[in-house]
Every structure is written in C-alpha cells, then in structure tokens.
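Heads up, the thing below is written out as structure tokens.
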Amino acid sequence: MGRKMKLVATTKSHLTKEEKIARKKIEDKASDGLEALQITPPKHFDAIAKAEYKRVINDLRKLPLRNLDRAILETYCTWYAVYKEISRGLQKEGYVYETSSGKVLPNKMLYSLERATTNLTRAASQLGLTVDSRMKLYVPQVEEKKTSIFDKFGG
Numbered sequence: 545m546g547r548k549m550k551l552v553a554t555t556k557s558h559l560t561k562e563e564k565i566a567r568k569k570i571e572d573k574a575s576d577g578l579e580a581l582q583i584t585p586p587k588h589f590d591a592i593a594k595a596e597y598k599r600v601i602n603d604l605r606k607l608p609l610r611n612l613d614r615a616i617l618e619t620y621c622t623w624y625a626v627y628k629e630i631s632r633g634l635q636k637e638g639y640v641y642e643t644s645s646g647k648v649l650p651n652k653m654l655y656s657l658e659r660a661t662t663n664l665t666r667a668a669s670q671l672g673l674t675v676d677s678r679m680k681l682y683v684p685q686v687e688e689k690k691t692s693i694f695d696k697f698g699g
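Take the sequence shown: its position 125, counted from the start at 1, is 669 in this note's numbering, and no numbers get skipped.
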C-alpha cells in the first residue's frame with residue numbers, strides 16, 4: 545500500500561511543473577462537483593457539539609471536504625461533546641475514589657474518557673484537524689528508487 549496523499553501546497557519535495565499540474569488535478573477531482581459542508585450545525589446536536597461544529601466548520605470548508613464527509617464531522621462533534629462532559633464529571637468527582645476499606649481506585653469515567661479520546665482523535669485525523677493529517681491529504685509521496693553503484697557505473 546502506498547503512502548497517503550498530500551496537498552500540493554504542503555508538499556516539501558521539488559516537483560516539476562507537470563507533476564504539480566497532475567497533482568492539482570487529483571485534488572480538484574477529489575472535491576469538484578460535490579456539495580460543500582453545511583455552515584449550520586445539525587439540529588440534533590447538543591450545545592457542546594453545536595459549538596464545536598461552529599468552531600471548526602469555516603476552516604474545514606477550506607479543505608477538500610464535502611457533504612459526503614458529514615458523518616465523520618458529526619461523529620467528531622459528538623465525541624467532542626462526550627469528551628467534554630466526561631471531563632467535567634471527572635473534575636467534579638475526582639480522578640480516583642476511596643472505597644470503604646480504604647483502597648484507592650481510579651474513577652470508572654476514566655475508561656470512558658480514554659475511549660472518547662481515542663474516537664475523537666481518529667475522527668479528527670480523518671477530517672484533517674491534525675497537522676499530520678492535513679499534510680498527508682491528497683498528493684502521494686513518490687518513493688525514490690535507490691541507485692546502486694552498478695546503476696551509476698554499469699556492471
């Protein structure tokens with residue numbers, strides 16, 4: 545399997561004019577003709593998910609994301625709301641608790657927080673909300689063939 549693609553604007557390699565044009569065509573094909581993401585958050589979101597949607601939507605519309613990607617965006621916002629709620633609960637109740645026998649145990653919400661964090665990070669990466677994922681967006685890395693001494697001098 546090849547490497548993930550990167551946007552032409554973010555690639556660090558030196559490309560010829562023809563390579564830049566070809567890669568730009570790939571980017572354009574990935575987003576042309578498809579409906580843009582809606583500006584307003586879905587009505588079924590709670591207040592936290594709506595606020596997160598509003599926070600990220602303008603930047604996401606600059607990326608080649610379209611309405612087809614809405615489910616991932618909704619998943620991201622939902623997991624963000626779950627993450628925030630669990631974090632608030634942990635702040636109120638504490639990260640550990642003491643049993644009647646004096647044993648100190650982790651709060652069970654920590655496991656839910658870990659799961660929310662994992663799902664939130666995965667969705668954020670798919671949307672291009674992380675630096676790494678934005679750098680890998682559409683242009684494939686061309687793997688360079690290493691030249692041996694035999695290739696250089698024959699043999």
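In this text, a Cβ means the ideal position worked out from N, Cα and C, and glycines have one as well.
Cutoff 7 angstroms; reference residue i; Cβ partners in own chain excluding five residues on either side
i: Tyr641; result: Leu649, Asn651
i: Lys598; result: Pro585
i: Ala514; result: Nothing in the structure corresponds to residue 514, since the chain is present only between 545 and 699.
Where the beta strand (DSSP E) containing residue i begins and where it ends
i: Leu649; result: 648–650
i: Glu642; result: 640–642
Burial state of residue i, where buried means 16 or more other Cβ atoms lie within 10 Å
i: Glu579; result: exposed
i: Glu596; result: buried
i: Gly646; result: exposed
i: Tyr620; result: buried
i: Arg612; result: Looking at the sequence itself, residue 612 is Leu, so the reference to Arg does not match. Label assigned to Leu612: exposed.
i: Lys680; result: buried
i: Ala566; result: exposed
Same chain, Cβ closer than 6 angstroms to residue i, five either side skipped, listed in chain order
i: Gln670; result: Ile616
i: Asp590; result: Ala625
i: Glu562; result: none
Beta-carbon proximity list for residue i, same chain, < 8 angstroms, skipping 5 on both sides
i: Leu634; result: Asn651, Met653, Leu654, Leu657
i: Gly672; result: Leu604, Leu607, Leu609, Arg678, Leu681
Host alpha helix (DSSP H) of residue i (start-end)
i: Tyr620; result: 614–637
i: Ala668; result: 653–671
i: Leu604; result: 591–604
i: Arg610; result: Taken as a continuous stretch (DSSP letters only), Arg610 belongs to no alpha helix (DSSP H), as it is neither H nor E.
i: Ser677; result: 675–679
Through-space distance from residue j to residue i, alpha-carbon basis
i: Glu618; j: Asp676; result: 21 angstroms
i: Thr661; j: Ser692; result: 46 angstroms
i: Thr674; j: Thr643; result: 40 angstroms
i: Glu637; j: Gln582; result: 38 angstroms
i: Lys568; j: Thr560; result: 12 angstroms
i: Lys594; j: Asn663; result: 18 angstroms
i: Ile592; j: Lys564; result: 41 angstroms
i: Thr622; j: Ile570; result: 31 angstroms
i: His588; j: Tyr639; result: 31 angstroms
i: Thr665; j: Arg659; result: 10 angstroms
i: Ile601; j: Arg614; result: 11 angstroms
I'd like to know if the stretch 600–610 and the stretch 630–638 are in contact, where contact means that at least 3 CB-CB pairs between them fall below 8 angstroms. no
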